[in-house]
Structure formats: structure tokens, C-alpha cells
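K.L.:
Take this structure first; my questions come after.
Number of protein chains: 2
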Amino acid sequence: MTEKYSAIKNLECSSCNRVYPVNQIRNTCNCGQPLVVRYDLEEVKQLTSPQNIRSRAPNMWRYHELLPVSQSKHVVSLGEGFSPLLPLKNLGLECGLSNLFIKYEGSNVGGTFKARGASCGLSKAKELGAKKVAIATNGNAGEAWAMYASRGSIPITVIMPKDAQKMPQIICNSMGASTYLINGMISDAGKFIEKNKLEEEWFDVSTLKEPYRLEGKKTITFEIIEQLGWTFPDAVLFPTGGGIAIAAAYKAFLELQQLGWVKGKLPRLIAVQAQGCAPLEHAFLAKSPTTDFFHGAHTKASGLRVPKPFCDFMVLEAIYKTQGLALSVSDEEMLEGVRRIGHKEGLFLCPEAGACIAALQTLKERQLIEPHEKIVILGSGSGLKYQDVFVQNELTVLDVSE
Amino acid sequence: MTEKYSAIKNLECSSCNRVYPVNQIRNTCNCGQPLVVRYDLEEVKQLTSPQNIRSRAPNMWRYHELLPVSQSKHVVSLGEGFSPLLPLKNLGLECGLSNLFIKYEGSNVGGTFKARGASCGLSKAKELGAKKVAIATNGNAGEAWAMYASRGSIPITVIMPKDAQKMPQIICNSMGASTYLINGMISDAGKFIEKNKLEEEWFDVSTLKEPYRLEGKKTITFEIIEQLGWTFPDAVLFPTGGGIAIAAAYKAFLELQQLGWVKGKLPRLIAVQAQGCAPLEHAFLAKSPTTDFFHGAHTKASGLRVPKPFCDFMVLEAIYKTQGLALSVSDEEMLEGVRRIGHKEGLFLCPEAGACIAALQTLKERQLIEPHEKIVILGSGSGLKYQDVFVQNELTVLDVSE
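Here it is as C-alpha cells:
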């Protein structure tokens, strides 16, 4: 029995298909587009199987043959992944959906699915010998990378907009990250890193500026499918800002299909955006392969505030190829979604995930999902960090002084 | 093969040893002291084994034979438990401890270990036919019970002190719980429930007012031992307010020892308290079997603000019988503990858990723990909800306007 940990083969440009070796630090293709990781799937079949994976520890590294880290000793882990897939019977009954599930990602460190990309990306950066990393972020991703950089003892610089939420700022600082605010958008933070990275010797790990974060995200989909007994659901709803999770899901579907581990029709990938920032919905309605920059982007769900996703063409391809769709909901509907799943199922979600709860109603009414279909919602994170977003009604004070 | 789910036998008074049947709703013994659950351990041995448990789903219900719920259909679950046991190599190196681990409980819904007690207690309340439940809380436990009550569709009333943290208030409300503040302490909330419970038809689920929450807490210890390959560590550090987790750990040790599943010396149970509220430390130093009420209790770690633990004699017995101890740290040391594990290991803990990080140094200096001993810290929760406690230094703002 071979001891090989990963079946990684090479990097391939998502646009021009140029191929690069995997043993060197590299951000994007020479053509400027994102690189994706390719594996030797025949080798994967020889190394493992669903039956074999079943007995492994319950974290995302159980799929290590399909992840890019070559040696297990380079894995930087905080127990991420293998989050619960919970049936939503009460909510399903209310919505008229008899096979509704949520993949609850609040169980990861930092309380969001961002931990997966950070664990994978930081591990690979460490394996490739990166000395320092830097990231432009709206908050949650930077926080996750700060956590894994601390765990992996790699210095990190995090730059986020001045109006970013308070908790990610506090947490980055608490991790010992060099944390800065910028009087601009995430795109300005990105430009700042681009401009200074040579001098500062930073490896830029901003969204899709490196190929490995997407691989970590892929494990959400592997887990959903394993938890459903290696079968596909009918549709998956994603709260969608940058959209990497959707691109990653599509890549995961194809890998599992090519391995012969799952058969049948691919699930429809459904992107749920904020009405105040819906570039993918606009592109979808126009049947366009790419997005236009969404001007005046605004939403309380900071994770959904991405006016022009860097990998828009990958996300849209995933949606089109799976007969999926993109739609948007208002901030009020998101918060009502959070309240609704709280009242019915006892979960406290972030507004981004609340958007998917809100979208269920619309999808059902427009008959875009059917009553008996197996539907999975990506519950991308818990609401615990969103103290400033959830307004608390004044509670009654009981008087015991008499 | 029998289908029996639980080997529950009866309830026994922790003080007078009077025995009660398990098929009726009951709070405490007629003598007023807490009841504990007893199992038929011979039956457990016939029903399952460590090898058998290994292949079960990664949540706390994998130990169902040693939990009180008789039928699996009554289990109210949000995926709680089987949290990661993470090695702390960087921090251990700094402290001179080569075998240091943390049980990271931030992965549960609500971000704390309270989920376990609530899942177990609410499930059993449902099984016994409770129509409504009520709880007096400092915040986190009430929040956890509100989540599981919503999931289990049982109406709940939560009463907490007026100065409770903001997030538990927001979350209880978001779960649809009847949530009240009280102009007094947690003990006043308890008295209010006591006074009104008959009229309101409330089943009182406040700490140790029912026997089942402790059983859920027990699973933390089962998991630590399973994750260490069914061996005992040398010592376990607990952030300690009410102390149920310590009483539960001792009960878990004895059950596993009697089953013959683990051999060797019991781990030393170490209670870490806040200097501003340290009744167990005072009792320990005085070699007393019970605590005195700690007047003027104050600490930023709300979970440690319990001036007179209801089950003090059980906690102190667990400490004495295992050659453990109780000590306290200041609020400043706790917050420094949170910062330290953040900088070294990438985890963001609540101040309560930070107290254990702070205590390591003292224990090491006083030679109460040895360099090569296997030490486990209970990381009782994440810091995500503590926005008001962690003061953020002003971050540098980068100017891109020029």
C-alpha cells in the first residue's frame, strides 16, 4: 500500500488551459486568469475509495488524495470540516419541502466556511515555502487566514475596508496578524497588496489570487455527498458573494463523477445574492458569461458585498452547466430568514445564510424547486459575530425588588 | 442483536441515595439535592464496545447507551459534540509542556459546550412529555436551551440578569423563546421560576434542577478519552463556574472504569476560577466539602460568575478523589490567555477558556503539572460572542486617496 497523500498532478489555467508544475509558488496564469488544480484521478482510485474514507477522522482532510497538499506533515489544521448536514423538517413542512437539509458551517473555527479555504491554502503556502502571506478581505476570510497563519507560524498581513465588521478586526489582531484598515473597498486593499508585494515579500492569498483556497472549499460538496450516502441532491443553494463555493462545488461534482463514485444528474447550483449587490443575478438574467461591475453595492451581509467576482465566468459556467440559477433577496428578507430558521429549527445563522432561507419561498412559488426534491442549503456561518447587524428589541425586565 | 438505545436504570439522589424510576418528570430528590442517572453497565457491555462506537456518526449521541434518552426518535440534535481535540505544540513549547491538548468546544451551535447539556436535557424532557420548560441563566446555557427547545418544538421561557451579555439575549429572542431580564442575579431568576412554575406549568431546567443536563456534559470526557485511544490523560483543566462539567467528568471516568474500557489512574481534575468569584478555590484551600457563598462576585467571564455552585459537594468530591485542585486567575490574565493562544495556535477563545491558558503557567511554576504529562484543557467556547469584552486597539488606516 502506497503512502502517497495527494494525487495532485498540475495547475491549469481556467481560461487559456496553460499548464504549470505544482512545486513552485505561483499566483495566477501568465494571462492573468485564475489557476485550478488537476489531479491524477486514476491514481486516486488506486489510493482510496468511499468505503476507505468512511473510517477516517471527521474533518475535511479525509479527502486528502483530492486536496493539493503533498505531505501530511504540512497540513495546518484546527479541526475544520465534516460539519453536520441537518434535516430541516419543521421549516420544510412550513415551506412545503419534504427533503430539506442545511450544511451547518458555523462549527468551523471563526464560525464560517472560510476556515476550509484558509486551512488548505495556508497549508499549501507553507509546503511551498512561503515566508509571509497577505490578504485583501471584507472580514471573514481575512480572519480565517489569520487563524491558520498563526497556527502554521507564518506571518500574515490582513487589509480590510475601514467599515468592515468589528469582530474580524478584533480576531485578526488577537491572532497576531499585522492588521490594517483601508479607506476604500476590498478592491483597493487588493491593489495595495499588488503594489507592495514584491518589496514586502508577500505571497498574495486574496480570493483566487492563489489556486488552493478553492480546493478547500470543494470539501463542503464532498461532505454533503458523502453524508447523503454518495448520492447527489437535486439542488444546492449558496449564499453568493465571490462565488468560489459554487465554482468549487461544480469542480467537486465533476471529480466525483469522473471517479465513478457518484452517478446521476448533477445538482442544480443556485446562487443567492443580496438585492443591493447582485452582479451574478444580472448576468444570469442576461444569459451573459461574465458579470458587469455592480455600482453602489450595499448590503448588511458583508460576505455578499462583492461587486465584480474575480471568477465570475467560472461561477456562471457552473450555474449554466447544471441548469441552476441566480436570484437575490433584500436585507430585510435575509434577517427574516435568520429569524425564521431560529424559530423553526434552533439554528442561529449569519445574514448571508439567512438569504438562502428567504430564497426558498421564492423558488417554491416560482416552481423552481419541487416539493419532494432533495434540497441542501449552505449554512455558510453562524450569526454569533453579527452583534451590530441584529437589532435587539427591548426585553421586559422582571422586578424582584418588592 | 437488541435494538435497545439506552441502558438507563434509575435516578439516584447524589446525597441521600434514594432511588427513583426514570419514566416520570422529576426535578430533585425529596431531600432537595440533585439526582443523578444510573445505568445498567453490564447491559452496556452487551450492547456496545469502543470498537463498535468507533464507526458511529461524529456527534455526542454515539454514546447513546450511556445517555438517558430511551428512544432515538426523541433525540433533539443540532450536530453537537465530537469536537476536535487539538494538540497545542506551539503553546506547549512556550510553557515547557510536551503533551498539551485542547478540547475545542466552539464547534457546537451557540459556540459553547452548553449545547451538549441542552441537547440531552431537552431530548429527555421531550421524551418524558414536558409541555413547557423554563430556565434561569447567566446567558450561554439559556441560549443553548432556547436553540434546542426551538428544534424540539417545546415552548421555553428564559430569564437572565439585566446585565447579561447582549448576544445571548439576541439569540434567545431569535429562537422565539419567551425571554426576560431580571433586576437581580441568576439566583433571583431561579426563585422567580420556582415561585411561578406550578401556575405556568414549567418544567424547571435550571442547573441541576433536572438530572439530564449533566449526562450531556459527560460526553466531553467520553470524547477526550476516545480521541486519546481510550486512555486517560494525566490532568484536565476546566474553566469552572457552576462546575457541572467537572462533576460530569468524574462520573464519566467511573463509568468507563467500571465498564473496563479504560484502565489506569484517574486524571487530576483542575478547576480554574476567576479571582473575582472563586468559591471552589476557597473551599479547596480550606479542605472543605462544600463552598461558602462568594460575596461581591465580579468577573468579565460571565460563565464563571457563580457565587455558590448548587452541586459544590459533587465538584469538590471529584477534585479531592482525583488529587486535583482549584485555583483562580485575574480577568487580565484570562484576556492575556486568549491573546496568547491566538498568537500561538490560531484559536479564538472565550475569556472563560482563556482562564485555563493563564492557569497553565502557574501550575507549571508550582510544579503541579510536569513537563511530559498529558494535559487537556477544556476550551469551553469560542470568543465570537464577546464583542463587548475584547477591547480593540485602534488599527492603522491606510490612505489610498492620493
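Respectively, the protein sequence lines represent chains A and B.
Position one of the first sequence corresponds to residue 3 (our numbering), numbered consecutively onward.
Position one of the second sequence corresponds to residue 3 (our numbering), numbered consecutively onward.
Yeah, the Cβ is synthetic: ideal placement off N, Cα and C, and Gly gets one too.
#1: Just how far apart, CA to CA, sit residue 121 of chain B and residue 75 of chain B?
#2: Taking 8 Å as the CB-CB cut-off, is residue 302 of chain B touching chain A?
#3: For the alpha helix (DSSP H) holding residue 277 of chain A, just list the boundary residues, first then last.
#4: State the DSSP-derived secondary structure class of residue 91 of chain A, mapped to helix, strand or coil.
#5: Compile a chain-ordered list of the residues in the segment 109 to 133 of chain A whose CB is closer than 9 Å to at least one CB of chain B.
#6: So what does DSSP say about residue 21 of chain A, is it helix, strand or coil?
#7: Residue 106 of chain B versus chain A: which residues are under 8 Å apart at the beta carbon?
#8: Can you tell me the Cβ-Cβ gap for residue 305 of chain B and residue 109 of chain A, rounded? I've got them flagged as a contact below 8 Å.
#9: Measure the Cβ-Cβ separation of residue 158 of chain B and residue 182 of chain B and say whether it is below 8 Å.
#10: Mapping the DSSP letters down to three states, classify residue 384 of chain A as helix, strand or coil.
#11: For the beta strand (DSSP E) containing residue 414 of chain B, name the first residue and the last one.
#12: Smallest Cα separation from residue 142 of chain A: which of A:171, A:347, A:297 and A:91?
#13: For residue 191 of chain B, count neighbouring C-beta atoms within 10 Å of its own C-beta (all shown protein chains included) and say buried if the count is 16 or more, exposed if not.
#14: Have a look at residue 215 of chain A and residue 362 of chain B and give me their C-alpha separation to the nearest angstrom.
#15: For residue 52 of chain B, which option in B:44, B:64 and B:41 has the closest C-alpha, if you only look at C-alpha atoms?
#16: Using the three-state DSSP reduction, which class does residue 133 of chain A fall into: helix, strand or coil?
#17: Find the residues of chain B that neighbour residue 73 of chain A, judging by a C-beta separation of less than 9 Å, and give them in chain order.
#18: Please list, in chain order, the chain A residues whose beta carbon lies closer than 8 Å to that of residue 392 of chain B.
#19: By DSSP, does residue 372 of chain A sit in helix, in strand, or in coil?
#20: Since residue 238 of chain B and residue 269 of chain B should fall inside the 8 Å C-beta cutoff, what is the C-beta to C-beta distance between them, to a whole number of angstroms?
#21: In chain order, what residues of the same chain have a beta carbon less than 6 Å from the beta carbon of residue 40 of chain B, not counting five sequence neighbours either side?
#22: Out of B:8, B:265, B:321 and B:107, state which residue places its alpha-carbon closest to the alpha-carbon of residue 25 of chain B.
#23: May I have a chain-ordered list of the beta strand (DSSP E) segments no shorter than 3 residues that lie completely inside the segment 268 to 315 of chain A?
#24: Per DSSP, what kind of secondary structure is residue 40 of chain B in: helix, strand or coil?
#25: How far does the beta strand (DSSP E) with residue 337 of chain A in it reach, from first residue to last?
#26: Identify each residue in the segment 180 to 192 of chain B for which the Cβ-Cβ distance to at least one residue of chain A is less than 7 Å, and report them in chain order.
#27: Report all residues from its chain with a CB closer than 6 Å to the CB of residue 299 of chain B; omit the five preceding and five following residues, and keep chain order.
#28: Could you pull out every unbroken beta strand (DSSP E) segment of at least 3 residues lying fully inside the segment 121 to 173 of chain B, listed in chain order?
#29: Candidates B:79, B:335, B:322 and B:54: which alpha carbon is nearest residue 290 of chain B's?
#30: Using a beta-carbon distance below 8 Å, is residue 17 of chain B in contact with chain A?
#31: Classify residue 322 of chain A as helix, strand or coil using the three-state DSSP reduction.
#32: Count the other CB atoms within 10 Å of the CB of residue 295 of chain B; is the residue buried (16 or more) or exposed (fewer)?
#33: Just the C-alpha distance for residue 93 of chain A and residue 213 of chain A, rounded to the nearest angstrom, thanks.
#34: From the DSSP output, read off the bridge partner residues of residue 399 of chain B.
#35: Quick one: does residue 333 of chain A have its CB under 8 Å from some CB of chain B?
#36: I'd like to know if residue 386 of chain A contacts chain B, where contact means its C-beta is closer than 8 Å to some C-beta of that chain.
P.N.:
Well, looking at it:
#1: 13 Å
#2: no
#3: Neither: residue 277 of chain A is in no alpha helix (DSSP H) and is coded neither H nor E.
#4: helix
#5: 109, 110, 111, 112 and 113
#6: strand
#7: 80, 81 and 111
#8: Actually they are not in contact, since the Cβ atoms of residue 305 of chain B and residue 109 of chain A sit about 20 Å apart, beyond 8 Å.
#9: no
#10: strand
#11: Past the edges of chain B, shown from 3 to 404, lies residue 414 of chain B, and the structure says nothing about it.
#12: A:171
#13: buried
#14: 35 Å
#15: B:64
#16: coil
#17: Ordered by position in chain B, no residue passes the 9 Å Cβ test against residue 73 of chain A, which lies about 17 Å from the chain.
#18: 172 and 176
#19: coil
#20: 5 Å
#21: 11, 12 and 14
#22: B:8
#23: 270 to 276
#24: strand
#25: It is not in any beta strand (DSSP E) - residue 337 of chain A instead sits in the alpha helix (DSSP H) that spans 333 to 347.
#26: 181, 182, 183, 184, 185, 186 and 190
#27: 279, 307 and 309
#28: 135 to 138 and 158 to 163
#29: B:322
#30: no
#31: helix
#32: exposed
#33: 37 Å
#34: A:183
#35: no
#36: yes
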